[in-house]
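Student: This is the structure I want to talk about, given as structure tokens.
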Amino acid sequence: MVIKRRGKNNKVEKLEALISRLSSDHPQWEWIKEEFHNRQSGERGERSIDYHLTFLPRDEFFILHDLRLENEQGYYFQIDTLLLSSRFFIIIDVKNYGGCILLDHHFNQLIQQSSNGNKRGLLDPISQIRRQELQFKKWMKSHGMKNIPVESLIIFSNPSTIIETTTSPSYYDKITRSINIDNKIDQLKLKYPKEILTKEELWPLGKSLVKAHTPSNYDPLKYFKITQTDLLKGVCCPSCSVLPMIRLHGSWQCSACMYLCKDAHIRALQDYRLLINDTITVREMCHFLGLSSRYSAYRLIRALGLLHSGGTKGREYFLEFE
Ligand SMILES: [Zn+2]
Numbered sequence: 013m014v015i016k017r018r019g020k021n022n023k024v025e026k027l028e029a030l031i032s033r034l035s036s037d038h039p040q041w042e043w044i045k046e047e048f049h050n051r052q053s054g055e056r057g058e059r060s061i062d063y064h065l066t067f068l069p070r071d072e073f074f075i076l077h078d079l080r081l082e083n084e085q086g087y088y089f090q091i092d093t094l095l096l097s098s099r100f101f102i103i104i105d106v107k108n109y110g111g112c113i114l115l116d117h118h119f120n121q122l123i124q125q126s127s128n129g130n131k132r133g134l135l136d137p138i139s140q141i142r143r144q145e146l147q148f149k150k151w152m153k154s155h156g157m158k159n160i161p162v163e164s165l166i167i168f169s170n171p172s173t174i175i176e177t178t179t180s181p182s183y184y185d186k187i188t189r190s191i192n193i194d195n196k197i198d199q200l201k202l203k204y205p206k207e208i209l210t211k212e213e214l215w216p217l218g219k220s221l222v223k224a225h226t227p228s229n230y231d232p233l234k235y236f237k238i239t240q241t242d243l244l245k246g247v248c249c250p251s252c253s254v255l256p257m258i259r260l261h262g263s264w265q266c267s268a269c270m271y272l273c274k275d276a277h278i279r280a281l282q283d284y285r286l287l288i289n290d291t292i293t294v295r296e297m298c299h300f301l302g303l304s305s306r307y308s309a310y311r312l313i314r315a316l317g318l319l320h321s322g323g324t325k326g327r328e329y330f331l332e333f334e
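In my numbering, the protein residues as written are 13 to 334.
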């Protein structure tokens with residue numbers, strides 16, 4: 013039974029907004045694009061295992077997705093998926109790499125070779141998940157939880173990925189494909205036949221984990237060291253993505269493809285919320301949307317019926333959209 017669902021992947025959304033507002037000759041452009049594609053592919057991989065987890069007995073496992081916990085040093089660690097049972101817990105990390113991957117145990121690295129022959133080095137998933145395991149065990153101990161075995165699994169979700177290894181140490185048992193999840197779990201059931209927690213103990217434990225989850229406040233501008241002045245201003249054309257559209261007789265018109273649209277400013281305000289702030293004043297809106305008339309900005313934002321605070325001067329509108 014799923015007791016914590018995966019949140020909306022804000023990071024992917026934020027990176028997408030950033031890419032749409034950055035010139036392609038910006039020095040960080042390639043890095044941001046790569047980060048966006050990696051995260052998007054990671055998200056697809058995570059969602060793809062949901063189907064396989066539906067085969068687990070509902071009353072035997074509690075499933076928590078996308079759990080972010082704070083360790084004793086004040087740093088956060090993230091778990092893609094956590095399975096709780098009365099006999100053992102499992103941390104699941106999903107990798108959605110394509111092409112051919114080589115797990116090099118000797119140098120603790122993962123080498124991915126794509127279909128065009130290009131190679132790139134990636135973090136070793138075994139070292140990553142071992143660290144997560146360790147941090148989670150410490151977290152449970154510091155929160156006075158019972159000592160229960162914690163296992164971990166790395167799932168390669170792309171069925172066409174070719175997995176190779178240099179040698180095969182026993183911990184490569186931690187690696188499997190999506191279709192084999194239930195098999196792996198059955199093996200763990202045999203390994204841990206003894207019940208450590210009762211059903212009555214497991215439920216509040218699951219709830220306390222859900223309560224301890226802290227959503228991340230990812231700020232891509234800070235992460236990539238980008239200033240607000242680097243961002244392209246204006247309203248983006250929904251048809252051809254060119255910036256900026258021109259405000260003409262109560263509509264937005266694209267100067268490149270001549271597309272005409274009434275509500276293209278909503279997307280721009282969403283970009284502002286994702287990248288800069290979740291509130292905006294009329295003055296900030298004029299600057300970001302490239303509007304010369306404050307009255308026209310005021311009319312646009314008033315028509316959206318957003319909640320606001322403050323008097324008429326310097327009023328802040330909360331950018332919460334349906
Ligand atoms: Zn256009």
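Glycine residues also receive a C-beta, built at the ideal position from the N, C-alpha and C atoms.
Which first and last residues belong to the beta strand (DSSP E) in which G57 is found?
Tutor: Premise fails: G57 lies in the alpha helix (DSSP H), W41 to L65, not in any beta strand (DSSP E).
Student: Can you tell me which of the three DSSP states I167 falls into?
Tutor: It is a strand residue.
Student: Between C273 and the rest of its own chain, which residues show a CB-CB distance below 7 Å, the 5 nearest in sequence each way excluded?
Tutor: Here the set comprises P250, S263 and W264.
Student: Can you name the residues that DSSP bridges to V294?
Tutor: V294 is not bridged to any residue.
Student: Within the chosen definition, does the segment 67–76 reach the segment 89–98 through at least 3 CB pairs nearer than 8 Å?
Tutor: Judged by Cβ distances under 8 Å, the segment 67–76 makes contact with the segment 89–98, as three or more pairs qualify.
Student: I need the residues with a C-beta less than 6 Å from some heavy atom of ligand 1; please give them in chain order.
Tutor: Those residues are C249, S251, C252, V254, C266, A268, C269 and Y271, given in chain order.
Student: State the Cα-Cα distance for the pair R88 and F148, rounded to the nearest angstrom.
Tutor: The residue you asked about is not Arg; residue 88 is Tyr in the sequence shown. Their Cα atoms are separated by approximately 11 Å.
Student: Alpha carbons only, please: which of M157, G322, I238 and M257 is nearest the one belonging to Q40?
Tutor: Nearest option by C-alpha distance: I238.
Student: Looking at D283: is its Cβ nearer than 8 Å to the Cβ of R33?
Tutor: Closer than 8 Å, so yes.
Student: Quick one: using the 10 Å Cβ neighbour count with 16 as the cut-off for buried, is I174 buried or exposed?
Tutor: It counts as exposed.
Student: Measuring only the C-alpha atoms, how far is L303 from R259?
Tutor: Straight-line Cα distance between these residues: approximately 8 Å.
Student: Measuring straight from C-alpha to C-alpha, what distance separates G57 and S169?
Tutor: One C-alpha to the other measures close to 6 Å.
Student: In chain order, what residues of the same chain have a beta carbon less than 8 Å from the beta carbon of W43, not counting five sequence neighbours either side?
Tutor: Closer than 8 Å at the Cβ level, and outside the excluded window around W43, lie F236.
Student: By Cβ distance, which residues of its chain are closer than 7 Å to S154, with the 5 residues on each side in sequence left out?
Tutor: E84.
Student: Going along the chain, which residues of its own chain have a beta-carbon closer than 7 Å to the beta-carbon of H134, five neighbours each way excluded?
Tutor: First, the amino acid is wrong: residue 134 is Leu here, not His. Closer than 7 Å at Cβ, skipping near neighbours: L122 and Q124.
Student: Determine the extent of the beta strand (DSSP E) in which Y329 is found, giving its start and end residues.
Tutor: Y329 -> beta strand (DSSP E) spans E328 to F330.
Student: What's the C-alpha gap between D198 and C248?
Tutor: C-alpha separation (whole angstroms): 52 Å.
Student: I'd like the span of the alpha helix (DSSP H) that includes R18, first residue to last.
Tutor: No alpha helix (DSSP H) holds R18; DSSP gives it neither H nor E.
Student: Since V162 and F101 are thought to touch, with beta carbons under 8 Å apart, how far apart are those beta carbons, to the nearest angstrom?
Tutor: Right, their Cβ atoms sit about 5 Å apart.
Student: Return the bridge partner residues of T93 from the DSSP annotation.
Tutor: DSSP output for T93 lists H77 and I104 as bridge partner(s).
Student: Out of R18, R17 and L30, which one is the CA nearest neighbour of D231?
Tutor: D231 has its Cα closest to that of L30, out of R18, R17 and L30.
Student: Report the CB separation of K16 from V222 in whole angstroms; it is logged as a contact under 8 Å.
Tutor: Yes, they are in contact, since the Cβ atoms of K16 and V222 sit about 5 Å apart, within 8 Å.
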